[in-house]
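Residue numbers (the working numbering), protein chains in the order written: chain A, 788 to 899; chain B, 31 to 143. Positions of the beta carbon are idealized from the N, C-alpha and C atoms, including for glycine. It should be emphasised that the depicted structure is a prediction, and the values quoted were computed from it without experimental measurement.
Shown next as structure tokens:
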């Protein structure tokens with residue numbers, strides 16, 4: 788059974804800092820890994836999707852990496868802004884339609 | 031573009047009352063649809079998924095049920111709510127390819143008192 792862990796559970800940083808969020812998973816046989824953002828009381832917004840054959844994906848100030856062999860992914864946020872404050876969730880797709888496992892998220896607060 | 035609607039946005043119900051949450055998808059056909067529950071401090075738990083009209087798969091035994099009466103409509107129901115049913119319910123869909131992005135609706139906050 789796939790297990791996904793996100794560390795830290797919460798993070799508070801001053802504006803402008805670069806930061807790294809971590810996601811680890813127990814079964815390296817995955818289709819893809821996705822990072823989501825969730826604002827309080829809202830649904831999830833997809834940030835980046837990395838296929839199993841890829842090493843990283845970039846979108847603006849965000850960069851996500853994937854190391855399947857070690858069961859790890861990182862989300863790098865450059866020059867953090869208060870608007871980046873949200874919970875960031877990692878989701879691992881281990882076998883298609885019914886096998887997406889979510890981590891419990893990292894709650895990020897960027898202080899102005 | 032594709033859009034997911036969920037209603038109601040919030041709901042407060044007494045224990046033992048029935049439940050009906052609705053999810054509809056626009057801008058696509060034959061989507062694979064999902065119901066998740068997010069409880070406080072926990073990750074998203076997959077409750078049900080559907081690959082077509084009338085086709086429902088349950089992931090977790092519970093007092094909830096799901097139905098898909100139309101291609102782009104997915105309904106989550108209960109005959110008698112429990113306190114433990116409180117949570118944030120999210121509807122989501124994959125495009126046909128399972129290597130694609132999963133899209134989520136805005137969610138329904140359910141509080142059972």
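- Interface flag for residue 99 of chain B against chain A is unset, since no Cβ pair is found closer than 8 Å.
- With a cutoff of 8 Å on beta-carbon distance, residue 862 of chain A and residue 851 of chain A are scored as near each other.
- Within chain A, the C-beta atoms nearer than 7 Å to that of residue 134 of chain B come from 830 and 831, in chain order.
- For residue 41 of chain B, no Cβ of chain A is located within less than 8 Å of the residue's own Cβ.
- Residue 869 of chain A is a Cβ neighbour of residue 802 of chain A, given a cutoff of 8 Å.
- A contact between stretches requires three or more CB pairs, one per stretch, nearer than 8 Å, and the segment 36–48 of chain B meets this requirement with the segment 97–112 of chain B.
- Shown here, residue 111 of chain B sits in coil according to DSSP, grouped into three states, outside any helix or strand.
- Closer than 8 Å to the CB of residue 847 of chain A there is not a single CB belonging to chain B.
- Rounded to the nearest whole angstrom, the C-alpha separation of residue 64 of chain B and residue 136 of chain B is 13 Å.
- With distances taken between CA atoms, residue 893 of chain A lies nearest to B:73 out of B:51, B:54, B:73 and B:55.
- Bounds of the beta strand (DSSP E) holding residue 117 of chain B are 117–124.
- Under the DSSP assignment, residue 33 of chain B falls in the beta strand (DSSP E) whose first and last residues are 33–37.
- Comparing alpha carbon positions, the residue from A:821, A:881, A:889 and A:899 closest to residue 814 of chain A is A:881.
- The DSSP-derived three-state label of residue 870 of chain A is helix.
- Using a Cβ-Cβ cut-off of 8 Å, residue 858 of chain A does not count as an interface residue toward chain B, since no Cβ of chain B sits closer than that to its own.
- With respect to residue 53 of chain B, residue 104 of chain B sits close: the two C-beta atoms are nearer than 8 Å.
- Under a criterion of Cβ atoms nearer than 7 Å, the residues of chain A adjacent to residue 131 of chain B are, in order, 821, 833 and 836.
- The alpha-carbon separation between residue 71 of chain B and residue 891 of chain A amounts to approximately 7 Å.
- Residue 60 of chain B sits in coil when the DSSP states are folded into three classes, being neither helix nor strand.
- Residue pairing by DSSP places residue 802 of chain A in no beta bridge whatsoever.
- The beta carbon of residue 115 of chain B is closer than 6 Å to those of 142 in its chain, skipping five residues each way along the sequence.
- Judged by pairs of C-beta atoms under 8 Å, the segment 85–92 of chain B does not touch the segment 117–124 of chain B, as fewer than three such pairs exist.
- With 16 or more other Cβ atoms inside 10 Å of its own Cβ, residue 819 of chain A counts as buried.
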